[in-house]
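Trainee: Residue numbers (full-length UniProt numbering): 1 to 164.
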């Protein structure tokens, strides 16, 4: 147990170092508020390295204390994992083709299939698919509009209007 806990801490430090190396390639020109675009990546990199070092220290000084017993199943739920993975991969593959709103809606629908499958209550009826698609659209569309219309950040859209 101590070895796996130490590896978790070392892995966290490694991710922090990788982020710091990546942050070196980002320009540091100060923007509107005097903070450049590399500020946040550096904050995250330093935090990961710090907390990773604390995890290593914790694991070497007696192990992670006050851990709750793990919840969930005894084994991985592969069908649920596949539903969620396919949703994420399709989102990445289709976002520039069908736009942010539709690809995120599809990702939401497939992720919900995975989560419901993991709970043992997968409903494959047309009504369930349509409800999940409506909820996914109701989440993705305002996010897209907020980024494109209010913040003027370009996200892939289905049309050039900035509304779909």
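Virtual Cβ for every residue (Gly too), placed ideally from N, Cα, C. Being a predicted model, the structure only gives us computed values, none of them experimental.
#1: Could you name the residues of the same chain whose beta carbon sits closer than 7 Å to that of residue 8, not counting the 5 residues immediately before and after it, in chain order?
#2: Check whether the stretch 47-54 and the stretch 64-82 are in contact - that is, three or more C-beta pairs closer than 8 Å.
#3: List the whole-angstrom C-beta distance separating residue 41 from residue 22, where the pair is believed to meet the contact cut-off of C-beta under 8 Å.
#4: Out of curiosity, what's the CA-to-CA distance linking residue 69 and residue 114?
#5: I think residue 99 touches residue 156, with their Cβ atoms under 8 Å apart; what is that distance to the nearest whole Å?
#6: How is the alpha helix (DSSP H) around residue 116 delimited, first residue to last?
#7: Going by other Cβ atoms of all chains shown within 10 Å of its Cβ, with 16 needed for buried, is residue 125 buried or exposed?
#8: Classify residue 132 as buried or exposed, calling it buried when 16 or more other Cβ atoms lie within 10 Å of its own Cβ.
#9: Kindly examine the ligand PLP and report whether one of its heavy atoms sits closer than 7 Å to the Cβ of residue 77.
#10: Shortest alpha-carbon distance to residue 82 belongs to which of 116, 103, 60?
#11: Measuring CA to CA, which of 25, 120, 147, 141 is closest to residue 72?
#12: Taking C-beta to C-beta, are residue 86 and residue 110 nearer than 8 Å?
#13: Contact defined as beta carbons within less than 8 Å: I believe residue 90 pairs with residue 106. What is the distance between those atoms, to the nearest angstrom?
#14: Taking C-alpha atoms, which residue in 45, 58, 28 lies nearest to residue 3?
#15: To the nearest angstrom, report how far apart residue 84 and residue 112 are at their CA atoms.
#16: From the DSSP output, in three-state form, read off residue 2 for me.
Mentor: According to the structure shown:
#1: 55
#2: no
#3: 7 Å
#4: 24 Å
#5: 6 Å
#6: 78-118
#7: exposed
#8: buried
#9: Among the components modelled here there is no ligand, and therefore nothing to report on the ligand PLP.
#10: 116
#11: 120
#12: yes
#13: 6 Å
#14: 58
#15: 8 Å
#16: helix
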